[in-house]
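Heads up, the sequence shown is in full-length UniProt numbering, so the first residue is 1 and it goes up one at a time. Quick reminder that beta carbons are idealized off the backbone N, C-alpha and C, glycines included. In what follows, a structure is listed as structure tokens, so that the remarks can point back to it.
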Amino acid sequence: MALPTLRTIGFIIGIFLITMAVSMAVPGLTSLALDHAEDLSAFMWAGLITFLIGLALVIPGRPRDSQLRPRDMYMLTTLSWLAVCFAGALPMYMLQHISFTDAFFESMSGITTTGSTVLSGLDDASPGLLIWRSLLQWLGGIGFIAMAVAILPLLRVGGMRLFQTESSDWGEKVMPRSHVVAKYILGIYVSITLLGALAYRLAGMDWFDAINHAMTSISTAGYSTSDASLANFSNATHWVAVVMMILGSLPFTLYVASARGNRRALLRDQQVRGFLLMLSATCLLFSLWLWANSDYAWLDALRLVTVNVVSVVTTTGYAVGDYTLWGGFAVMAFFYLTFVGGCSGSTSGGLKMFRFQVAYSLLRGGLKQLVHPRAVIFQKYNGHPLDEEIVRSILTFSFFFTITIGAIALGLALLGMDPITALTGAATAVCNVGPGLGPVIGPAGNFASLPDAAKWLLSIGMLLGRLEIITVLVLITPGFWRH
């Protein structure tokens, strides 16, 4: 890789690190305002270290004649997320006096909006620490939207090129230049966050909890200010969380289209309609099952199921009670729901709804071809043809997605994890969901008791899942490093 290219990559990473350093002022000032001045030094030192490293990368400048090719973007994307995760770990390492492994795991889980945690005693934790965890997830959410909209389609990762020329993403009605849509998305992201904080406050939370949960809801990330997660708050806040999680799991480019006059952009989108239909049907049927097989009243069953199902499907990771105690059917159902995810161009992880819809379309077309061998069947999705390259990229992503979960699960099993912990831990990391299943990492537990090697392995899984697998895997191929 040429020196001008490396300087350009370093310059951009430096900008990200300086942004992280400035962001550390928020939890520092929060600690000072809420009478926890003793925590200020941790954020000051972490911010200073991060700022100096970022400044050292920025000072050499960006070469004028350097242009990043798609292959260079793979390197930039992976290195920038790693650098931001290391920076995010510094305040927690200094503040909590935990191992750097735990601090990095917590930071990686936050930036990738996974929501798995090694921390406990959150109800009595420092306000600076709590707001920093939430801020990491909020920044990670908007960062992934930007990457999904601007970078992944150009890299032709995982079939996301399907949305590169779609009217909801890059058409005339949305924007002529990428920086224009970025401003719109940031404005919408901030607006929904502020409205969510107000809604949480009206539902009974104090302002501090409301702001934290608004940030982690819209980013479909799941960090809470209580060990009991949403169960520690009123029933009204549960319904606010449901709305916020759904809003975060819809394509933000469609919000841009709506803001620019296309009022029916969301309703006309095939992915959004399928996602909302799937959520509604799952919550209704699951609620009927729980109501019929438990002592819960109908409204309580509906609330509990809706919060937990929406949380898992949107890869947020909030929990209201331990749903693994509902029986074997519930455990298997939540395991399957772990893989679904939200829509492309949203803050959620998982396989994404459009891949399931494309797979169904291909299956239906294949069955028609068997019945009518000589028929010419055109495959379309959202009004656009499914060419061979798109199908191949989706199949490639799905294959490596499955292989990655299997490999990480085997690695966890080698480290002594039981099968349930190993399999669901791998799945929840790669899908960026948060809690797994079982007594150790289930919704009532956390990841603190896992060995350090398991935490590093899961951190790799979180990064792979957030960056759509292939973006990272391409870096270990010999062909990538050939001139």
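{"Check": "Which residue comes first and which comes last in the alpha helix (DSSP H) that contains Leu3?", "Outcome": "3-23"}
{"Check": "So which of Tyr184, Ala89, Ala210, Met75 has the shortest CA-CA distance to Leu254?", "Outcome": "Tyr184"}
{"Check": "Among Ser224, Asp206, Ala359, Pro251, which residue has its Cα nearest to the Cα of Asn446?", "Outcome": "Ser224"}
{"Check": "In this structure, how does DSSP classify His372 when only helix, strand and coil are distinguished?", "Outcome": "coil"}
{"Check": "Taking the continuous alpha helix (DSSP H) assigned at Cys283, which residues delimit it?", "Outcome": "270-292"}
{"Check": "Which residues mark the beginning and the end of the alpha helix (DSSP H) in which Ala407 is found?", "Outcome": "388-414"}
{"Check": "Reducing DSSP to helix, strand and coil, say where His384 ends up.", "Outcome": "strand"}
{"Check": "Compute the Euclidean distance between the alpha carbons of Thr113 and Pro419, then round it to the nearest angstrom.", "Outcome": "25 Å"}
{"Check": "Give the DSSP-derived three-state secondary structure of Cys85 in the structure shown.", "Outcome": "helix"}
{"Check": "If Ile111 sits next to Trp81, beta carbons under 8 Å apart, how far is it from one beta carbon to the other, in whole angstroms?", "Outcome": "7 Å"}
{"Check": "Express the C-alpha separation of Pro251 and Ser344 in angstroms, rounding to a whole number.", "Outcome": "6 Å"}
{"Check": "Could you compute how far the alpha carbon of Met245 sits from the alpha carbon of Met332?", "Outcome": "22 Å"}
{"Check": "Note down, in chain order, each residue of its chain lying with its Cβ closer than 6 Å to the Cβ of Thr101, except the 5 sequence neighbours on either side.", "Outcome": "Asp452, Lys455"}
{"Check": "At a cut of 8 Å, does the stretch 458-478 reach the stretch 69-84 through at least three beta carbon pairs?", "Outcome": "yes"}
{"Check": "Relative to the C-alpha of Tyr318, which residue among Cys85, Phe339, Asn232 is closest?", "Outcome": "Asn232"}
{"Check": "Among Met94, Ile12, Leu68, which one has its Cα closest to the Cα of Ile49?", "Outcome": "Met94"}
{"Check": "As a quick exercise: from Gly204, Ile12, Leu130, Ser348, pick the residue whose alpha carbon is nearest that of His36.", "Outcome": "Leu130"}
{"Check": "Which stretch, first to last residue, makes up the alpha helix (DSSP H) that contains Thr424?", "Outcome": "419-430"}
{"Check": "Is Leu363 buried or exposed, if buried means 16 or more other CB atoms sit within 10 Å of its CB?", "Outcome": "exposed"}
{"Check": "Counting along the chain, where does the alpha helix (DSSP H) carrying Glu38 start and finish?", "Outcome": "That residue, Glu38, is in no alpha helix (DSSP H); it is neither H nor E in DSSP."}
{"Check": "Give the single residue among Cys283, Thr306, Ala281, Ala257 whose Cα lies nearest to the Cα of Asn235.", "Outcome": "Thr306"}
{"Check": "Going by other Cβ atoms of all chains shown within 10 Å of its Cβ, with 16 needed for buried, is Arg64 buried or exposed?", "Outcome": "exposed"}
{"Check": "By a C-beta neighbour count over all protein chains shown, 10 Å radius and 16 as the cutoff for buried, is Glu468 buried or exposed?", "Outcome": "buried"}
{"Check": "Let me check understanding here. Comparing Cα to Cα, which of Ile142, Ser287, Ile12, Thr117 lies closest to Ala83?", "Outcome": "Ile12"}
{"Check": "Express the C-alpha separation of Ser258 and Gly248 in angstroms, rounding to a whole number.", "Outcome": "15 Å"}
{"Check": "In angstroms, rounded to a whole number, what distance separates the CA positions of Ser134 and Met215?", "Outcome": "6 Å"}
{"Check": "DSSP three-state label for Val242, please.", "Outcome": "helix"}
{"Check": "Taking all protein chains shown into account, do 16 or more other C-beta atoms lie within 10 angstroms of the C-beta of Leu17, making it buried, or fewer, making it exposed?", "Outcome": "buried"}
{"Check": "Taking just the CA atoms, how far does Thr347 sit from Gln463?", "Outcome": "Note that residue 463 is Leu in the sequence shown, not Gln. Roughly 14 Å between the two C-alpha positions."}
{"Check": "Check whether the Cβ atoms of residue 513 and Leu40 lie closer than 7 Å to each other.", "Outcome": "As displayed, the chain neither begins before 1 nor continues past 483, which places residue 513 out of reach and without an answer."}
{"Check": "Assign Met175 to buried or exposed, taking buried as 16 or more other Cβ atoms, counted over all protein chains shown, within 10 Å of its Cβ.", "Outcome": "Low confidence applies to Met175: its pLDDT is 43, below 50, so where it sits in the model is not reliable, and the reading given next is rough at best. Under this definition Met175 is a buried residue."}
{"Check": "Excluding the 5 residues flanking Ile377 on each side, which residues of the same chain have their C-beta closer than 7 Å to its C-beta?", "Outcome": "Gly365, Lys368, Gln369"}
{"Check": "Under 8 Å: do the stretch 274-290 and the stretch 383-402 share three or more Cβ pairs, one atom per stretch?", "Outcome": "no"}
{"Check": "DSSP three-state call for Val340: helix, strand or coil?", "Outcome": "coil"}
{"Check": "How big is the Cα-Cα spacing for Val312 and Thr19?", "Outcome": "30 Å"}
{"Check": "Give me the Cβ distance between Cys431 and Gly350, rounded to the nearest whole Å; I'm assuming they're in contact under 8 Å.", "Outcome": "5 Å"}
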